[in-house]
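Undergrad: Below you will find the structure I want to go over with you.
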Amino acid sequence: MKIEKAFKAIIHIYLVTLVAVFISVFTESEEINQINENISSGFMGSNEATELAFGIMSLIFMLVFFISLYFIYKFKKSGKKLYTICFIISSLLTLVSGPYVMGEISTFLFELNLAASGAILVFLYFTPLQKKFN
Numbered sequence: 134m135k136i137e138k139a140f141k142a143i144i145h146i147y148l149v150t151l152v153a154v155f156i157s158v159f160t161e162s163e164e165i166n167q168i169n170e171n172i173s174s175g176f177m178g179s180n181e182a183t184e185l186a187f188g189i190m191s192l193i194f195m196l197v198f199f200i201s202l203y204f205i206y207k208f209k210k211s212g213k214k215l216y217t218i219c220f221i222i223s224s225l226l227t228l229v230s231g232p233y234v235m236g237e238i239s240t241f242l243f244e245l246n247l248a249a250s251g252a253i254l255v256f257l258y259f260t261p262l263q264k265k266f267n
């Protein structure tokens, strides 16, 4: 029972840090915004059509990702697979999105978010909770 509470608390931490990272990106200093405008934007910013398609796919992905979080929160079998697939896709998207500069607060929140994401994977595959998803 305690492990379930810890797992759900990690999901809450993950959601809070995700929202905080999103907000912090919009509050970056002018210097950081200037640097981000001047660096290469990678695959997603190569032209307007690609940027629009990437934006639409990102919205769809975020919807599926939040569904996967809900499913693992409720210990649904499909949630474990869906969350893992979303984790892999988001990791791959990071590789093609190009460089991005963040301030110290955004970086700190992003690292907390990554740690929570890793903790979720550990709970899903390496704890007794994995049996609740079968």
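Heads up, the sequence shown is in the working numbering, so the first residue is 134 and it goes up one at a time. Cβ atoms here follow ideal geometry from the backbone N, Cα and C, with glycine treated the same way.
1. Considering only residues of the same chain and omitting the five flanking positions on each side of Y270, which have a CB-CB separation below 8 Å?
2. Can you look up K210 in the DSSP assignment and give me helix, strand or coil?
3. Near Y206, what residues of its chain come up, given a Cβ to Cβ distance below 8 Å and the 5 sequence neighbours on each side ignored?
4. List the whole-angstrom C-beta distance separating Q274 from L254, where the pair is believed to meet the contact cut-off of C-beta under 8 Å.
5. With a 10 Å radius around its C-beta and 16 neighbouring C-beta atoms as the bar for buried, classify N267 as buried or exposed.
6. Could you tell me the alpha carbon to alpha carbon distance between T227 and K138, rounded to whole angstroms?
7. Less than 8 Å between the C-beta atoms of I146 and A249, yes or no?
TA: Let me lay it out:
1. What the structure shows of the chain is the stretch from 134 to 267, and residue 270 is not part of that stretch, so it cannot be assessed.
2. K210: helix per DSSP, three-state reduction.
3. Contacts found: K141, I144, G212.
4. Nothing can be reported for residue 274: it is not among the residues displayed for the chain, which extend from 134 to 267.
5. By the neighbour-count rule (16 or more Cβ atoms within 10 Å), N267 is not buried but exposed.
6. Distance between the alpha carbons of T227 and K138: 30 Å.
7. Remark: C-beta atoms of I146 and A249 approach each other more closely than 8 Å.
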